[in-house]
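The structure appears below as structure tokens.
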Amino acid sequence: MYAVEIRNVHKQLGKEMVLDDINLTVSEGEIIGLIGHNGSGKTMLLRLISGLIYPTQGEVKVFGKKMDQHNGYIPNDLGVLIESPGLLSAYSAEKNLQLLASIRGKINKEEIRNTLKTVRLDPQNKKAVKTFSLGMRQKLGIAQAIMEKPKLLLLDEPTNSLDPESVDHILSLFKQMNERDQTTIILASHHHDEIGQICHRVFQMKQGRLQENTSGQKSTASVQESH
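For reference, each letter of the sequence shown is one residue, going 1 to 227 in the UniProt record's numbering.
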């Protein structure tokens, strides 16, 4: 089964066609990269896959189930970092994760603390998020996305505001998740040299259209090509 299927998708906002005839299939356990300039459609495509918006035309399926405004389907096993992390600035990093985790009750306090350590944030730091640097906030946003060990991870510019050492660590973390848990990951970035290190396939987005670029690291497993 595909993790993601996108068939003949168009998305129109006002008079502008922001996604134009998108076709993409992503196999379970695959890492896909989307590269392109601001406004190319990368973020819009991630929003579409996450169920935050719906296509004007065409079909999106996640783990075989249609994403439809009539059924309101949002996958349970989905981790998302799209645009700026949604953080409660008056609370600590741990409290932010605790509040989010309480909605579904899938992980405990120890797992939350381990997630913070994984992204190299100190769980003992009780300072409010509003005092954090941009890099620390980005790490917390990544922690939010990965803490429940999702089957599908959607990441929009995940290395924004990170120093080179942190970039290497976070990309290595994503690769480990993929290899250990077969996590399917879709990364959007304008840094081709970064995401090309870990992606099985990389796609160029330009003016709402998708074009495959074969410079990603090909999976040793059978990878389904988009049609």
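For every residue, glycine included, the Cβ atom is placed at its ideal position computed from N, Cα and C.
The Cβ-Cβ distance between Lys117 and Glu148 does not fall below 8 Å. DSSP places Ala90 outside both helix and strand once states are collapsed to three, so it counts as coil.
In this chain, the beta strand (DSSP E) harbouring Lys61 covers Gln57 to Val62. Contact check for Gly33 and Ser189: beta-carbon distance about 7 Å, within the 8 Å limit, so the pair qualifies.
Beyond the five residues adjoining it in sequence on each side, Arg47 comes within less than 7 Å, by CB distance, of Ile53 and Ile82 in the same chain, given in chain order. Shown here for Gln182: same chain residues with a beta carbon closer than 7 Å to its own, the five before and five after excluded, namely Glu28 and Gly29 in chain order.
According to the DSSP assignment, Asp193 belongs to the alpha helix (DSSP H) that extends over His192 to Ile195. Note that the stretch 152-164 does not touch the stretch 92-104; fewer than 3 beta-carbon pairs, one per stretch, sit closer than 8 Å. Linking Leu171 to Ile198 through their CA atoms gives a straight-line distance of about 7 Å. Annotation for Gln176: the continuous alpha helix (DSSP H) segment containing it runs Pro164 to Asp181. Residue state for Met1 is assigned as coil, using DSSP reduced to three classes.
Annotated three-state conformation of Arg120 is coil, per DSSP.
In the DSSP assignment, the residues bridged to Ala188 are Leu34 and Asp156. Between Ser89 and Ala128, the CB-CB gap stays under 8 Å.
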